[in-house]
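Below you'll find the structure, written out as structure tokens, and then a few comments.
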């Protein structure tokens, strides 16, 4: 475990240097928000609602909104001036019976580990608390917030429990509390008997999170069935500093930086071969029509039709003279410039959310 706080327990005139560790953790299956089509992650950015610019984390401040909509900005310097007398101390104020504490007040639990120089004093406080059956009421400041807390023993370790302040507990104000509900003695006796019949010693290991287990089985079944998406590798790019920069970066990514030449290279090999055979047939048709008047479209059409009717057997029986004549015709016929290909648009999966 990694400590999240370092300070000391103040117990009368005794100072016990300690470290705090989170005693609990929330176990759940973590999901990411992704694009349904390709599995790309959805990213969220801090964008100012006024000018639309993305705000770096170091420029984010605390704001308190007034009822009329005006905003008061509090900086780190303003917060540093606030008094926190127990910022590095767990100050024990008094002791109280454990059964006097309402569990609704409990907030977070932390293990308390002693430093090497305070192990003996730590053990003394732990054993005295365990023998008395009481808990220590203390004050401590964690994460720039002062809290009420208790110290108790558990498995040979002191546990710090932060508490909610009394004004943070909501009042149970419900209409049915004002109703005069009559409960008959026979019903009350039967309910008490049912409670007695269902009373057992509590063992937390007997209970488990069925929903989380079923969700884990679902994920594993998806993995075994290879129902997974492999998102494309994200290109490393500098963080845009404004909405305009984000739009320019998205536009550049959609263009891909390629021209007509790159698009031509992306053509699959079978398509390129088919295109080459088509060009050869076209050149053969133009060579056959070269001996006629170029201003007669009907002559070129007939030559092209004759070329299409030529079979492989006819080509094998072609005489060397005709082949030579065809070769000379191809040399004298000027090549037509290829029409420029229209560049294809590449889809990009970029997400900017505010």
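Residue numbers (the numbering used here): 2 to 355. Beta carbons are placed, not taken as given, at the ideal position from N, Cα and C, and that holds for glycine. No experiment lies behind these values; they were computed from the predicted model shown.
Reduced DSSP category for residue i - H, G, I as helix; E, B as strand; rest coil
i, result
"residue 104", "helix"
"residue 169", "helix"
"residue 192", "helix"
"residue 177", "helix"
"residue 215", "helix"
"residue 7", "strand"
"residue 24", "coil"
"residue 140", "strand"
"residue 35", "strand"
"residue 145", "coil"
"residue 224", "helix"
"residue 183", "coil"
"residue 197", "helix"
"residue 206", "helix"
Burial state of residue i (16 or more Cβ within 10 Å)
i, result
"residue 148", "buried"
"residue 73", "exposed"
"residue 260", "Interpretation of residue 260 is limited by its pLDDT of 43, a score under 50 that renders its predicted location unreliable; no figure is taken from the coordinates."
"residue 25", "exposed"
"residue 125", "exposed"
"residue 104", "exposed"
"residue 98", "exposed"
"residue 176", "exposed"
"residue 200", "exposed"
"residue 75", "exposed"
"residue 361", "For residue 361 there is no data in the structure shown, the boundaries of the chain being 2 and 355."
"residue 111", "buried"
"residue 194", "exposed"
"residue 11", "buried"
"residue 196", "exposed"
"residue 162", "buried"
"residue 153", "buried"
"residue 172", "exposed"
"residue 164", "buried"
"residue 220", "exposed"
"residue 91", "buried"
"residue 151", "buried"
Beta-bridge pairing of residue i - partner residues as DSSP gives them
i, result
"residue 12", "15"
"residue 158", "155"
"residue 150", "139 and 163"
At 4 residues or longer, what runs of the alpha helix (DSSP H) sit wholly inside the region 49-135? 77-81 and 120-133
Discussion item. When you compare the region 7-18 with the region 123-143, are there three or more beta-carbon pairs, one atom per stretch, that lie closer than 8 Å?
Written reply: yes
| message | For the pair the region 41-48 and the region 137-153, tell me if three or more CB-CB distances fall below 8 Å. | response | no
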